[in-house]
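Residue numbers (full-length UniProt numbering), protein chains in the order written: chain A, 1 to 290; chain B, 1 to 282; chain C, 1 to 265.
Glycine included, every Cβ here is placed at the ideal spot set by N, Cα and C.
Quick caveat, the model's predicted, so the values are computed rather than measured.
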Amino acid sequence: MDILLQEVGYSYAKDTPFEKRALTDVSLHIPSGSYTAIIGHTGSGKSTVLQHLNALLKPTEGSVMIGGRKIEAGVKAKNLRDVRRQVGIVFQFPEQQLFDETVLKDIMFGPLNYGVSEEEASRRAHELVEQLGLPPEVLTKSPFDLSGGQMRRVAIAGVLAMEPDVLVLDEPTAGLDPRGRREIMDLFHRLHIEKGLTTVLVTHSMEDAARYADNVAIMHNGRCVVTGEPVEIFSNEEQLRDYRLEPPRTIRLQQKLEDKMGIKLDSISLTEEALAKNIALALSEGRDSE
Amino acid sequence: MNSIIMSFENVTFTYMQEDESVKPAVNDLSFSIQDGEWIALVGHNGSGKSTIAKLMNGLLFPQTGKVEAMGKLMSEESLWDIRSQMGMVFQNPDNQFVGATVQDDVAFALENNGVPHEEMVVRVKEALQQVKMADYLDHEPHHLSGGQKQRVAIAGALALRPRLLILDEATSMLDPQGRMEVIETIRELRKATGLTVISITHDLEEAALADRILVMNAGEKQLEGKPDAVFRSGNELTNLGLDLPFSMRMTHLLREVGIELQGEHMTEDELVDELWTFYSKK
Amino acid sequence: MMEKMIFGRFIPGNSLIHQMDPRAKISFVFVFIAIVFIANSAITYGILLGFTLLVVFLSKIRLYFLINGLKPVFILLIFTFLLHIFFTREGDLLVDIGFIKIYEEGLRQGIFISVRFLVLVFITSILTLTTSPISITDGIEVLLGPFKRVKLPVHELALMMSISLRFIPTLMDETGKILKAQMARGSDIGSGPVKDRIKAVVPLLIPLFVSAFKRAEDLATAMEVRGYRGGEGRTRYRQLNWRLIDSLSLVVLVGLAGILVYFRV
Ligand SMILES: Nc1ncnc2c1ncn2[C@@H]1O[C@H](COP(=O)(O)OP(=O)(O)OP(=O)(O)O)[C@@H](O)[C@H]1O
Ligand SMILES: Nc1ncnc2c1ncn2[C@@H]1O[C@H](COP(=O)(O)OP(=O)(O)OP(=O)(O)O)[C@@H](O)[C@H]1O
Ligand SMILES: [Mg+2]
Ligand SMILES: [Mg+2]
Chain A
1 MDILLQEVGY
11 SYAKDTPFEK
21 RALTDVSLHI
31 PSGSYTAIIG
41 HTGSGKSTVL
51 QHLNALLKPT
61 EGSVMIGGRK
71 IEAGVKAKNL
81 RDVRRQVGIV
91 FQFPEQQLFD
101 ETVLKDIMFG
111 PLNYGVSEEE
121 ASRRAHELVE
131 QLGLPPEVLT
141 KSPFDLSGGQ
151 MRRVAIAGVL
161 AMEPDVLVLD
171 EPTAGLDPRG
181 RREIMDLFHR
191 LHIEKGLTTV
201 LVTHSMEDAA
211 RYADNVAIMH
221 NGRCVVTGEP
231 VEIFSNEEQL
241 RDYRLEPPRT
251 IRLQQKLEDK
261 MGIKLDSISL
271 TEEALAKNIA
281 LALSEGRDSE
Chain B
1 MNSIIMSFEN
11 VTFTYMQEDE
21 SVKPAVNDLS
31 FSIQDGEWIA
41 LVGHNGSGKS
51 TIAKLMNGLL
61 FPQTGKVEAM
71 GKLMSEESLW
81 DIRSQMGMVF
91 QNPDNQFVGA
101 TVQDDVAFAL
111 ENNGVPHEEM
121 VVRVKEALQQ
131 VKMADYLDHE
141 PHHLSGGQKQ
151 RVAIAGALAL
161 RPRLLILDEA
171 TSMLDPQGRM
181 EVIETIRELR
191 KATGLTVISI
201 THDLEEAALA
211 DRILVMNAGE
221 KQLEGKPDAV
231 FRSGNELTNL
241 GLDLPFSMRM
251 THLLREVGIE
261 LQGEHMTEDE
271 LVDELWTFYS
281 KK
Chain C
1 MMEKMIFGRF
11 IPGNSLIHQM
21 DPRAKISFVF
31 VFIAIVFIAN
41 SAITYGILLG
51 FTLLVVFLSK
61 IRLYFLINGL
71 KPVFILLIFT
81 FLLHIFFTRE
91 GDLLVDIGFI
101 KIYEEGLRQG
111 IFISVRFLVL
121 VFITSILTLT
131 TSPISITDGI
141 EVLLGPFKRV
151 KLPVHELALM
161 MSISLRFIPT
171 LMDETGKILK
181 AQMARGSDIG
191 SGPVKDRIKA
201 VVPLLIPLFV
211 SAFKRAEDLA
221 TAMEVRGYRG
231 GEGRTRYRQL
241 NWRLIDSLSL
251 VVLVGLAGIL
261 VYFRV
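Next comes the structure, spelled out in structure tokens:
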């Protein structure tokens, strides 16, 4: 499903003394089936953009096209349920997302709301809990009696249970242990490929953005300043620094190595595996040329 | 100077003890922390780290064993004295805000500890500058972005000028630069004041900077030692759901593609150096 | 939707009213409440209204925000107004359309009561909007200070009041949050027929209670961990500082009372 933000502006608590502008003139196209990473420093407006993608926030200026629906500033939008079934969002803090008495009920909330049968909803919940690496006994616990990382997993399960077409993820791995981080990012990627999902990821991990995304957008002071492919974006160190970001570790290491040895590796290494291969290649070439 | 600032002796804690099927969140745990140390506490999700933090500041009391802090046994009586020397940043900053504005919130712990007004004003300003939030004095803490909340929460702990600082994934939502800045600030404070830091984290690059790492697994202490020693245990860590720092991961990957590196490299520079020798040798 | 409500919130600023001592402001509000009951005529109510608008002006809080933020209160206001209009049967008959009969006295009473209500709401709102909850606690505590001798737990009382005050916005935030979480997963509040809307509100209630208690607990925990243990030995970030304007404000109030008594019929 295509999502298109056109000159979107947003102010929190508009028309009150607490009014706070968060977005200015944001235009962003998220093509159907793409994996878009949104990066930017603290407070740059990433979470605010994300909440426009399923109309939890409505623009105070400009418009958002979600599939066939147009959400426009100043126009009342009715019946957004369909949009929200299609676009599932994992919030930045899992506590913001959980509310039901037990983990099971919480995960089943979405599917039940969209007319999935009890059995099917419960089956999904059980399956997801296992997929997300939670012990089955958590199902009967209150979601608030869990550790931070466990809450995060439940929050993700609750969204996946709705089987959305667009998956919107706001720092979904914050609070996860390294294995969980890898497994869950791989799970998202698998779903992205297998089910042809459109995925939008906000992350502070340049490594994850480089590894998974095919489309990167940089937010800075409430504006979407750059969009492009990971290779372009991450190889332009100067531009990244301008927006108070830095390249992924793989690229930084590649840079160091190239400077030290006075060679140039074949391509920009977006993943650790690619970097290892590139280095091996360069070393063996060096050997050949001797 | 080698005094012990915090120690656990055979501490066990179980949530909802009345339910037999619930396993202890912290099980027969013992360790001690020297004054001035920087400890990284790592472990898989649900391994008991946040529970340990709550036992350290007397939010929870162990069912068996004892907790000693600042040379005192943790008890209802000693609690307040201990807390006045301890700053804590929660895993979820929202759970920690009390004040209606950022500056009132940062001042809260100072008010409670009777810091005189003039000094309070200075410290609040300074702490907010340290975390780069001085422009947000009058904002409502609950209405900030994720990373801004974490910064304010850290300022609230720093302003107290504690002897012991406990950070429960306090930088998990900060951008890489912001995270480095916070770590740098804490390093400087340690140099200047001999602050003891206990940092709960899933970021192994950050853990690698600590003096000592404690690895938790299912409520028990699995490993303990200097970062390079802990990371050298390689597979054992990955089996616990953890990982190695970037340069060590790269070293392993390079071996897999047939580059016979000798060392285990904790830093990128070491790795680059060996690759360079490797390259120029042949 | 919840964020527009300003009831119980604090708007930082540095207007004359913001700078006043919380003790003066609290005393002011109580004296004002008493004075309001002196008014009994068009002139006196007019003076009250004028005075209130002057206070709002001095607080530099825009009237528009105030009106916008107090919408629920206005619904109540209109309701009482209508009640008076329709059920008072005194004075000349002004309007007579079938069963609707409006009498002069009813209109008068309706307007007077509404003005009274309005000025009270405005003045108390200005107090909470211009004073941080912590300062309100401090102010109340000092004002009730003399009662400490009769073993009244003054500090705890003041704290309870200010926490409840602080809790109103938190609770509204919390409602907004749960609403958002549920909307994101398909509940649809705020559209459709009334029956559906009521049905949609039900699943909101339990989590709301649960999270209200959880928030209260979190707040208590946070206060405890950060060293809060009652009034002894506590210092204040927001200083109490009684200045000339504070004394003046109370003098002005006495003056107002005098004027009202003079014009009273
Ligand atoms: N509920 C709110 N009320 C008022 N202002 C807000 C609110 N939430 C965020 N803001 C402000 O809007 C701006 C953008 O916030 P946003 O949460 O979108 O940032 P972000 O890019 O997600 O940052 P982070 O990486 O720290 O999560 C910030 O300056 C923030 O202070
Ligand atoms: N309030 C609570 N009530 C009941 N059980 C709890 C509560 N908080 C945590 N637990 C359980 O205790 C265990 C340890 O939790 P703890 O929060 O200490 O883990 P953690 O190491 O901090 O994990 P994470 O990395 O996910 O934050 C977990 O199995 C968790 O489910
Ligand atoms: Mg955010
Ligand atoms: Mg934890």
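Item, Value
"Using a Cβ-Cβ cut-off of less than 9 angstroms, list which residues of the stretch 91-107 of chain A approach chain B; keep chain order.", "Q92, F93, P94, E95 and Q96"
"Which partner residues of Q6 (chain A) appear in the DSSP bridge assignment?", "A:S63"
"Flag A69 (chain B) as yes if its beta-carbon sits less than 8 angstroms from any beta-carbon of chain C, otherwise no.", "no"
"Less than 8 angstroms between the CB atoms is what I'm expecting for L55 (chain B) and V67 (chain B), so what's the real figure, rounded?", "6 angstroms"
"Quick check: what's the CA-CA separation for F86 (chain C) versus G106 (chain C)?", "7 angstroms"
"Hey, could you find the ends of the beta strand (DSSP E) L214 (chain B) is sitting in?", "R212 to N217"
"Compute the minimum distance between the beta carbon of K78 (chain A) and the heavy atoms of ligand 3, and state whether it is under 7 angstroms.", "no"
"Residue 288 (chain B): buried (16+ other C-beta within 10 angstroms of its C-beta) or exposed?", "Missing from the structure shown is residue 288 (chain B); chain B here goes from 1 to 282 and no further."
"Buried or exposed: where does D218 (chain C) fall if 16 or more other Cβ atoms within 10 Å of its Cβ makes it buried?", "buried"
"Is the Cβ of D15 (chain A) closer than 8 angstroms to any Cβ of chain C?", "yes"
"Give me the Cα-Cα distance between A184 (chain C) and F91 (chain A), rounded to the nearest whole angstrom.", "10 angstroms"
"Can you list the residues of chain B that A222 (chain C) reaches, using a CB-CB cut of under 9 angstroms?", "F90, N95, Q96, F97, V98 and F108"
"Determine whether the beta carbon atoms of L176 (chain A) and R152 (chain A) lie at a separation below 8 angstroms.", "yes"
"Please say whether A53 (chain B) and E206 (chain B) have beta carbons closer to each other than 8 angstroms?", "no"
"Which residues in the same chain as residue 289 (chain C) place their Cβ atom closer than 7 angstroms to its Cβ, once the five residues preceding and following it in sequence are excluded?", "An answer regarding residue 289 (chain C) cannot be provided, because it is not within the stretch 1 to 265 covered by chain C."
"Can a CB atom of chain B be found closer than 8 angstroms to the CB of I279 (chain A)?", "yes"
"How about the stretch 78-93 of chain C and the stretch 108-118 of chain C: do they share at least three Cβ pairs that are nearer than 8 angstroms?", "yes"
"Closer than 7 angstroms is what we want: which residues have a beta carbon that near any heavy atom of ligand 4? List them in chain order.", "A:S147, A:G148, A:G149, B:K49, B:S50, B:Q91, B:D168, B:E169 and B:I200"
"Within 10 angstroms of the Cβ of D259 (chain A), are there 16 or more other Cβ atoms? Answer buried if so, exposed if not.", "exposed"
"To the nearest angstrom, how far is it from the Cα of L270 (chain A) to the Cα of I251 (chain A)?", "7 angstroms"
"Is it buried or exposed, N239 (chain B), if we count other Cβ atoms within 10 angstroms and call 16 or more buried?", "exposed"
"Suppose the cutoff is 7 angstroms on Cβ atoms and the five residues either side in sequence are ignored; what does the same chain contact list for K226 (chain B) look like?", "R212"
"Since S27 (chain A) is in the beta strand (DSSP E), which residue starts that stretch and which ends it?", "K20 to I30"
"So is P143 (chain A) in contact with chain B if we call contact Cβ pairs under 8 angstroms?", "no"
"DSSP beta-bridge partners for F13 (chain B)?", "B:V26"
"Between R190 (chain B) and I166 (chain B), what straight-line distance do the alpha-carbon atoms span, to the nearest angstrom?", "13 angstroms"
"List in chain order: all unbroken alpha helix (DSSP H) runs of 4+ residues lying wholly within the stretch 56-128 of chain B.", "79-83 and 102-112"
"Within a Cβ cutoff of 7 angstroms, which residues of the same chain sit near F13 (chain B), ignoring the five residues on either side of it in sequence?", "P24, A25, V26, T51, L55, L60, P62 and Q63"
"State yes or no: is the C-beta of V26 (chain A) within less than 8 angstroms of the C-beta of R241 (chain A)?", "no"
"Indicate whether I43 (chain C) and P17 (chain A) have their beta-carbon atoms separated by less than 8 angstroms.", "no"
"Run through DSSP, which three-state label would S47 (chain B) get?", "coil"
"Would you mind sorting D175 (chain B) into buried or exposed? The rule is 16 or more other CB atoms within 10 Å of its CB.", "buried"
"Between H252 (chain B) and chain C, is any beta-carbon pair separated by less than 8 angstroms?", "no"
"Do you know offhand how far L110 (chain B)'s Cα is from L160 (chain B)'s?", "6 angstroms"
"By the criterion of Cβ-Cβ separation under 8 angstroms, what are the contact partners of A216 (chain C) in chain A?", "Residues of chain A passing the Cβ test: none, with the nearest at roughly 13 angstroms."
"By a C-beta neighbour count over all protein chains shown, 10 Å radius and 16 as the cutoff for buried, is S125 (chain C) buried or exposed?", "buried"
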